[in-house]
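Engineer: This is the structure, below, for whatever I ask next.
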Amino acid sequence: MLSIKNLQARVEEKDIIKGLNLDIKPGEVHAIMGPNGAGKSTLGNVLSGREGYEVTGGEVLFDGKNLLEMSTEERAREGLFLAFQYPVEIPGVSNMEFLKASVDAVREHRGLPAYDSVTFLKLAREKCKAVNLDQNFLKRGVNEGFSGGEKKRNEIMQMMLLEPKICILDETDSGLDIDALQVVAEGVNSQRSPERSFIVVTHYQRLLDYIVPDYVHVLANGRIVKSGGKELALELEEKGYSWIEQEGK
Amino acid sequence: MSEQINEYIKNEYAAGFVTDVESETLPPGLNEDVVRFISAKKGEPEWLLEWRLKAFRAWSEMTEPTWAHVKYPKINFQDVSYYSAPKSMDSKPKSLDEVDPELLKTYEKLGIPLHEQAILAGVAVDVVFDSVSVATTFKTKLAEAGVIFMPISEAVHKHPELVQKYMGSVVPQKDNFYAALNSAVFSDGSFVYIPKGVRCPMELSTYFRINEAKTGQFERTLIIADEGSHVSYLEGCTAPMRDENQLHAAVVELVALDNAQIKYSTVQNWYPGDAEGKGGIYNFVTKRAVAHTNAKVSWTQVETGSAVTWKYPSCVLKGDNSVGEFYSVALTNNYQQADTGTKMIHIGKNTTSTIISKGISAGKSQNAYRGLVRMNPSAAGARNYTQCDSLLIGDQCAAHTFPYIESKHPSAVVEHEATTSKVSDEQLFLCQQRGIDMEKAVSMIVNGFCKEVFKELPMEFAVEAGKLLEVSLEGSVG
Ligand SMILES: Nc1ncnc2c1ncn2[C@@H]1O[C@H](COP(=O)(O)OP(=O)(O)O)[C@@H](O)[C@H]1O
Ligand SMILES: [Mg+2]
Chain A
1 MLSIKNLQAR
11 VEEKDIIKGL
21 NLDIKPGEVH
31 AIMGPNGAGK
41 STLGNVLSGR
51 EGYEVTGGEV
61 LFDGKNLLEM
71 STEERAREGL
81 FLAFQYPVEI
91 PGVSNMEFLK
101 ASVDAVREHR
111 GLPAYDSVTF
121 LKLAREKCKA
131 VNLDQNFLKR
141 GVNEGFSGGE
151 KKRNEIMQMM
161 LLEPKICILD
171 ETDSGLDIDA
181 LQVVAEGVNS
191 QRSPERSFIV
201 VTHYQRLLDY
211 IVPDYVHVLA
221 NGRIVKSGGK
231 ELALELEEKG
241 YSWIEQEGK
Chain B
1001 MSEQINEYIK
1011 NEYAAGFVTD
1021 VESETLPPGL
1031 NEDVVRFISA
1041 KKGEPEWLLE
1051 WRLKAFRAWS
1061 EMTEPTWAHV
1071 KYPKINFQDV
1081 SYYSAPKSMD
1091 SKPKSLDEVD
1101 PELLKTYEKL
1111 GIPLHEQAIL
1121 AGVAVDVVFD
1131 SVSVATTFKT
1141 KLAEAGVIFM
1151 PISEAVHKHP
1161 ELVQKYMGSV
1171 VPQKDNFYAA
1181 LNSAVFSDGS
1191 FVYIPKGVRC
1201 PMELSTYFRI
1211 NEAKTGQFER
1221 TLIIADEGSH
1231 VSYLEGCTAP
1241 MRDENQLHAA
1251 VVELVALDNA
1261 QIKYSTVQNW
1271 YPGDAEGKGG
1281 IYNFVTKRAV
1291 AHTNAKVSWT
1301 QVETGSAVTW
1311 KYPSCVLKGD
1321 NSVGEFYSVA
1331 LTNNYQQADT
1341 GTKMIHIGKN
1351 TTSTIISKGI
1361 SAGKSQNAYR
1371 GLVRMNPSAA
1381 GARNYTQCDS
1391 LLIGDQCAAH
1401 TFPYIESKHP
1411 SAVVEHEATT
1421 SKVSDEQLFL
1431 CQQRGIDMEK
1441 AVSMIVNGFC
1451 KEVFKELPME
1461 FAVEAGKLLE
1471 VSLEGSVG
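Quick mapping for you: the protein sequence lines, in order, are chains A and B.
Each residue of the first sequence is one higher than the one before, counting from 1 in this note's numbering.
Each residue of the second sequence is one higher than the one before, counting from 1001 in this note's numbering.
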């Protein structure tokens, strides 16, 4: 599904990702943990093709295709989804309009017909319900005045509508209370399938009680410094990151 | 991403073609003889010639206003031709069948077919080509309702009492430099009269087109809504792409008598100049309305064209309980400059006004809102609400806000809100990450920003306005 080999990337002349390897097979859930500033969000941005994030080495294959050659929107249309750590507001553009434009673009790319408005509205309402967002959120501006938790649930709602192949969730748990965390986790779990893979970036093991990963990796200093099964998360919770960071140097 | 935004600024102007018709064009220059020539050409009565000459003499003593936040080389008014008309119009065609097919083709290309069967259902159109009115459609249907809708040059002959009574009553000849110039040399424009108690059965619309090089366009529109009547009017404009700047100085006067309502919408798309700032229309326009007791006037404008815009559609709220509204979207791209806004002059008691202004700047453009709200000592209980929002695309453009508030009555309430925002890299990235390309993203964000104004436009024009913004922003992101 996604194969990252010796990836190196820099932001504003500063090397952040320094030779990262990761292989994700269809249906797998990989958790990436690591200290603040390790480069977790940077990895998501680089994989999404965000402007200003310069790849200086390595390669990434997405479903056998060269991901790094694709434009940002092409990657999205091919099925790469990034749930943002800090979702931005777009005042004046209704969530509904935004979602329709997004789903239309992705479906067109996949050779599928656009939904008519009525069918789409029904679908969007269903997904709202699934993440426990009131339907009114469809009419409001994208993330406009949403609480932190509502923004995160809105991200998951978008993920459900877009049916991506690989989902990168960047600290989707941060700022969520336990109820919201469960809703989000249930949303994610409902999307797990043998064809869909996940990269779950988190700082805390708490989320992984709900979204149980197949693998846990520790990202420090721009590299994966340790990998293991779900029990690694518990170990990290107990011991912190410093012992691994030492190992990584 | 800002870099990409800046790159995208390659404006395609679809209305930029030239029509190949033979025209009679006065040589450049302005003096009393030119004024006399124009008046004679139209066979005007003596009073109107005198009216024009009075304006000309006043204008000769005046100097150009320089207070607006715009910069352009000094205009040599002796370098402009003050009259141009297609020769084929000399014979005064009686119906569309007699109008030069080249002219009709021009309007078809612009998406404004003049054959009645092809016209947007329910919209009567008058079109002004350079200095003359080419065609007015749906005349008979309007006449049945008692509505008068015709070129002002024709109204001078057919309804002299109305023209003489109201022309200059809202914008006097000496009002300002450009209004005085217009009063001296105005060539044509539209005239509308809605009789007492009549709801105009269709939208009225005038389409202005500058074709000749080096000519100015000076049209005059006069709309009189008699007591208790209603009318909705739309104005559209385009011009060919030319390297030199061209002058457009119009005057629009609206009179809303007791209990009348006038809704005046403009979609202004004069040629804005090229990406280097060469060419484009200088749009110096005076638009003003007088609202009598319980009357209501709404100005809605979508301004995307012109190299320089200087325009302040205003309402004089003379009668008690009268209402004035101003809804504006002004978009500037490349090197365009706009200084636009409104004046709300509250004279009557309990008068109310609303101002919603949305300025969008892209490229290296300058976009200023300038608005005056004046509560006269007589305006007890008057209220104004002003909301003034600016949106920046890229980082080389600028937005400015100049609100002036003069409140001379203690019970008057004036509220003003202003915001400035930017189309941010984060917003564009979010859109792209969801598969939406950048042009669509910008257009969605800009349309969202303008929503409150677009909803004031007649339906079919709201759609058009949205598309126009899209085209005007073409190239403003990569
Ligand atoms: N857009 C940016 N501009 C400058 N520095 C950045 C940018 N994005 C990330 N960085 C830097 O890259 C490093 C990694 O940041 P980030 O990927 O956000 O870490 P994490 O998500 O693991 O906390 C930090 O030192 C951060 O300051
Ligand atoms: Mg982060």
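Every residue, glycine too, gets a C-beta built ideally from N, C-alpha and C.
#1: Chain B beta carbons: is any one of them nearer than 8 Å to that of V118 of chain A?
#2: May I have a chain-ordered list of the alpha helix (DSSP H) segments no shorter than 4 residues that lie completely inside the region 1138-1180 of chain B?
#3: Note down, in chain order, all residues in the region 148-174 of chain A with a beta-carbon under 9 Å from any beta-carbon belonging to chain B.
#4: Going along the region 69-81 of chain A in order, which residues come within less than 7 Å of chain B, judged by CB to CB distance?
#5: Name all residues in chain order for which at least one heavy atom of ligand 1 lies closer than 5 Å to the residue's CB.
#6: Could you check whether the Cβ of S1361 of chain B sits closer than 8 Å to any Cβ belonging to chain A?
#7: Answer yes or no: the CB of Q1246 of chain B versus the heavy atoms of ligand 2, is any distance below 7 Å?
#8: D1188 of chain B to E1154 of chain B, Cα distance in whole Å?
#9: Would you say the beta carbon of Q85 of chain A is closer than 7 Å to some non-hydrogen atom of ligand 2?
#10: Let me make sure I understand the geometry here. Which of B:E1253, B:G1305, B:K1263 has the alpha-carbon closest to that of D1274 of chain B?
#11: Go to S1390 of chain B, then tell me how far its beta strand (DSSP E) extends in each direction, as first and last residue.
#12: Straight-line CA distance for R153 of chain A to G58 of chain A?
#13: Consult DSSP for S1424 of chain B and reduce its assignment to one of helix, strand or coil.
#14: So which residues of chain A does L1430 of chain B contact, with C-beta pairs closer than 8 Å?
#15: Where do the N-terminal and C-terminal ends of the alpha helix (DSSP H) with N45 of chain A fall, by residue?
#16: By how many angstroms is the C-alpha of F1138 of chain B removed from the C-alpha of L1120 of chain B?
#17: Going by the C-beta, is E171 of chain A closer than 7 Å to any heavy atom of ligand 2?
#18: Short of 6 Å in beta carbon distance, which residues of its chain neighbour L7 of chain A, apart from the five on each side in sequence? Order them along the chain.
#19: Note down the Cα distance separating S1365 of chain B from Y115 of chain A, rounded to an integer number of angstroms.
#20: Starting from the N-terminal side, write out each stretch of the beta strand (DSSP E) that is 3 residues or longer and does not extend beyond the region 1290-1367 of chain B.
#21: Consider the Cβ of A101 of chain A: report whether some Cβ of chain B lies at a distance smaller than 8 Å.
#22: How close, in whole Å, do the beta carbons of P1403 of chain B and G1371 of chain B come, if the pair is a contact with beta carbons under 8 Å?
#23: Taking Q1433 of chain B as the query, report the chain A residues whose CB atoms sit under 7 Å from its CB, ordered along the chain.
#24: From the beta carbon of S1353 of chain B, is the nearest beta carbon of chain A less than 8 Å away?
#25: Along the region 1434-1464 of chain B, where does the CB come closer than 7 Å to a CB of chain A? Name the residues.
#26: With a cut-off of 8 Å, does the C-beta of E1470 of chain B fall near any C-beta of chain A?
#27: Taking the alpha carbon of V212 of chain A as the point to measure from, which residue in A:A31, A:D63, A:M1 has its own alpha carbon closest?
#28: Taking the runs of the alpha helix (DSSP H) that are 4 residues or longer, which of them lie wholly in the region 58-93 of chain A?
#29: For I1194 of chain B, count neighbouring Cβ atoms within 10 angstroms of its own Cβ and tell me buried if that reaches 16, exposed if not.
#30: Determine the direct distance from the alpha carbon of A1055 of chain B to that of L1317 of chain B, and round the result to whole angstroms.
#31: Among the residues of its own chain, which have a CB less than 7 Å from the CB of K1408 of chain B, if the five just before and after it don't count?
#32: Near L61 of chain A, what residues of its chain come up, given a Cβ to Cβ distance below 7 Å and the 5 sequence neighbours on each side ignored?
#33: Under a Cβ-count criterion, where at least 16 other Cβ atoms within 10 Å of its own Cβ denotes burial, should H217 of chain A be classed as buried or exposed?
#34: Taking the C-alpha atoms as reference points, what is the distance between M33 of chain A and T202 of chain A?
#35: Quick one: grab the DSSP three-state call for G1197 of chain B.
Structural biologist: On the basis of the supplied data:
#1: no
#2: 1139-1144, 1152-1158, 1160-1166
#3: Q158, L162
#4: T72, E73, A76, R77
#5: With the cut-off at 5 Å, the residues found are A:V11, A:E12, A:I16, A:N36, A:G37, A:A38, A:G39, A:K40, A:S41, A:T42.
#6: So no, S1361 of chain B is outside the interface.
#7: no
#8: 9 Å
#9: yes
#10: B:G1305
#11: 1383-1392
#12: 34 Å
#13: coil
#14: F84, P87, V88, I90, V142
#15: 40-48
#16: Interpretation of L1120 of chain B is limited by its pLDDT of 44, a score under 50 that renders its predicted location unreliable; the figure taken from the coordinates is listed afterwards. Counting only the Cα atoms, F1138 of chain B lies some 11 Å from L1120 of chain B.
#17: yes
#18: I17, L20, G58
#19: 39 Å
#20: 1296-1303, 1308-1311, 1314-1317, 1323-1332, 1337-1346, 1352-1361
#21: yes
#22: 5 Å
#23: Within 7 Å Cβ-Cβ: S48, T72, A76, L82.
#24: It does not: the Cβ of S1353 of chain B has no partner Cβ on chain A nearer than 8 Å.
#25: R1434, G1435, I1436, D1437, K1440, M1444, I1445, G1448, F1449, K1451
#26: no
#27: A:A31
#28: Runs of the alpha helix (DSSP H) lying entirely within the region 58-93 of chain A and spanning at least 4 residues, in chain order: 72-78.
#29: buried
#30: Looking at the backbone, the Cα of L1317 of chain B and that of A1055 of chain B are separated by about 26 Å.
#31: M1375, N1376, P1377
#32: Within the same chain, L61 of chain A has close Cβ partners S3, L67.
#33: buried
#34: 5 Å
#35: coil
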